[in-house]
Amino acid sequence: MALAILSVLVASRAVCAEAGEAKTQQPLDILEPDQTEKELKAYLSRHVPKFVAPTNADKWNAEAKRLRQQVLDEVVLRGVPKRWLSGPPNVVWGEKTPAPGYTIRKLRYEAVPGLWAGALLYEPQGLTGKVPAVLNTNGHVGEPGMSIDYKQARCINLAKRRILALNLEWIGMGQLRGPGYSHYDLAYLDLCGRSGLSVFYLLLKRGLDVLCSREAADPERIAVTGLSGGGWQTIFISSLDQRVKLAAPNAGYIALPDRIKHRGDIGDLEQNPTDLVSIAVSPRSMSQSRQCISCSAIPSDLRSMSTRTRERTTISRTTARRSIVFSTATFCRKANGLTKICPWKTKSAHRKNCQLHIQPTMPISTLWPPS
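Below, the structure written as structure tokens:
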């Protein structure tokens, strides 16, 4: 009996030893598959400054001024030579194309030395006095660029309402589409100590220079609007350039901290410049301090616009004034209810008229090393 019990114990120990040896040979789950990514996101999130809204208008404006200058100095214009910023823009005006109620004028301007961009100015016919002026930015429209139908329809709409509309090209789109114009090429400038974001900023700023230089442009009624990537551009330039009195971004942007959590929505490289998150949670905190245009200064047809399905329009408000919203919508709300606006469908001839050869020019890749 005792011998039988001893045999069972020895056999059990052998089985346990084999099981233990097999267990030690299996890999241990020390880290979860995505543990490193989770810890990195948590670390970055803790270093994003929290935006606390100032308690009154004076503090708000002071904080906006501080943020704006810090972003320009330390992020947007870091390492940029003064010659890129000084003086009026170089502009070459091209031919005019007359249309019912408005005229399209071709032009090209120098965004930075050696880099030219095309644009189209939509002018109301018989223009007298000062009128509102709108800078229209491009989204991710690919090959059509500034000749995309919906953008032309918007600019025609504005021109027929006696509003100047400047239609810009964007890097990587339309006539600025090709080798050397990738948005990710800006990283090469960053490696050379010069902000790659500066090229994108100056393309917008110089476009605004051109628009504001028009004799008919009212400096107190300057607006910017755009869809998708153009929505980001609208927020970006309106936050940093105080000439803009109204910003109407249509989608195209998420909060900077959310880009840490959702890398699939990170957007183009210029939308995520080095060190921006360490300074400002969102450019919106700077742009919200902009004084809104008085409704009485704009034609009643534009006092409020609603958008079609899937389009969103941001409406800014202050305690005393309601802003006017420009958008890509084809409907506007009048005092007597919702009234449809003629969409002025763009014909193929218009797209042809929008084509403009802007040589000589140079791609982003030729802007380094810094000189």
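Per numbering that gives the first Met the number 0, the very first residue in the sequence shown carries number 0; after that it's consecutive.
We put the beta carbon where it would ideally sit given N, CA and C, even for glycine.
Residues that DSSP places opposite residue i in a beta bridge
| i | result |
| --- | --- |
| Val243 | Note: Val243 sits in no beta bridge, so no partner. |
| Tyr252 | DSSP, once it has assigned bridges, lists no residue as partnering Tyr252. |
| Trp115 | Glu109 |
| Leu120 | Arg104 and Leu165 |
| Lys95 | Arg104 |
| Asn89 | Answer is none; Asn89 lacks a bridge partner. |
| Leu134 | Leu165 and Val223 |
Exposure of residue i, with buried meaning 16 or more beta-carbon neighbours within 10 Å
| i | result |
| --- | --- |
| Val371 | The displayed coordinates of the chain run from 0 to 370. Any statement about residue 371 would go beyond what the structure contains. |
| Trp92 | exposed |
| Ser277 | exposed |
| Ile292 | Here Ile292 scores only 32 on pLDDT, less than 50, and its place in the model should not be relied on; the value that follows carries that caveat. Ile292 is buried by the Cβ-count criterion. |
| Pro131 | buried |
| Ile29 | exposed |
| Pro123 | buried |
| Tyr200 | buried |
| Glu269 | buried |
| Gly113 | exposed |
| Ile147 | buried |
| Leu239 | buried |
| Asn403 | The question about residue 403 has no answer, for the chain in this structure spans 0 to 370. |
| Thr54 | exposed |
| Ala118 | buried |
| Arg262 | exposed |
| Leu39 | exposed |
| Thr127 | exposed |
| Val111 | buried |
Rounded distance between the beta-carbons of residue j and residue i, thought under 8 Å
| i | j | result |
| --- | --- | --- |
| Gly138 | Gly251 | 7 Å |
| Ala256 | Ser44 | The identity of residue 256 in the sequence shown is Pro, whereas the question assumes Ala. Contact holds; Cβ gap of about 6 Å. |
| Asn135 | Arg153 | 6 Å |
| Pro88 | Glu109 | 6 Å |
| Val75 | Ser197 | 6 Å |
| Ile253 | Leu203 | Contact doesn't hold; Cβ gap of about 20 Å is too wide. |
The segment 149–168 contacting the segment 95–107, beta-carbon criterion three pairs below 8 Å: The segment 149–168 is in contact with the segment 95–107.
Beta strand (DSSP E) segments (min. 3 residues) lying fully within the segment 168–234: Counting whole runs of 3 or more residues, the segment 168–234 contains the beta strand (DSSP E) stretches 216–226.
Segment contact, 8 Å Cβ cut-off, at least three pairs: the segment 178–187 with the segment 140–149: Counting C-beta pairs closer than 8 Å gives fewer than three between the segment 178–187 and the segment 140–149, which falls short of the contact rule.
contact_flag[the segment 197–215, the segment 240–247] where n(CB pairs < 8 Å) is 3 or more: Yes, they touch.
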